[in-house]
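Notes to accompany the following structure.
In our numbering, the protein residues as written are 77 to 149.
Okay, here's the thing in structure tokens:
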């Protein structure tokens, strides 16, 4: 019975790809999210943001994407 509970706890947690911090799956969007370039899991403390220029029909605009430490410009 204890092996099932340990396995269930292991499935409910994820690990930050930069610092190795253990995070709960339920806290996605609050304490962690995914890098929008490589889709790796990053915690709030390891998040960086890049500005991206996007072309519209008549002009351009800037958008901000969430990235991990590997993709910081």
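Even for Gly, the Cβ is constructed at its ideal location relative to N, Cα and C.
With respect to residue 147, residue 113 sits close: the two C-beta atoms are nearer than 7 angstroms. DSSP places residue 127 inside the beta strand (DSSP E), whose first and last residues are 124-131. In this structure residue 100 is in contact with residue 88, their Cβ atoms being roughly 6 angstroms apart against a cut-off of 8 angstroms. In the DSSP secondary-structure assignment, residue 140 is bridged to 127. Just so you know, the alpha carbons of residue 102 and residue 127 end up roughly 28 angstroms apart.
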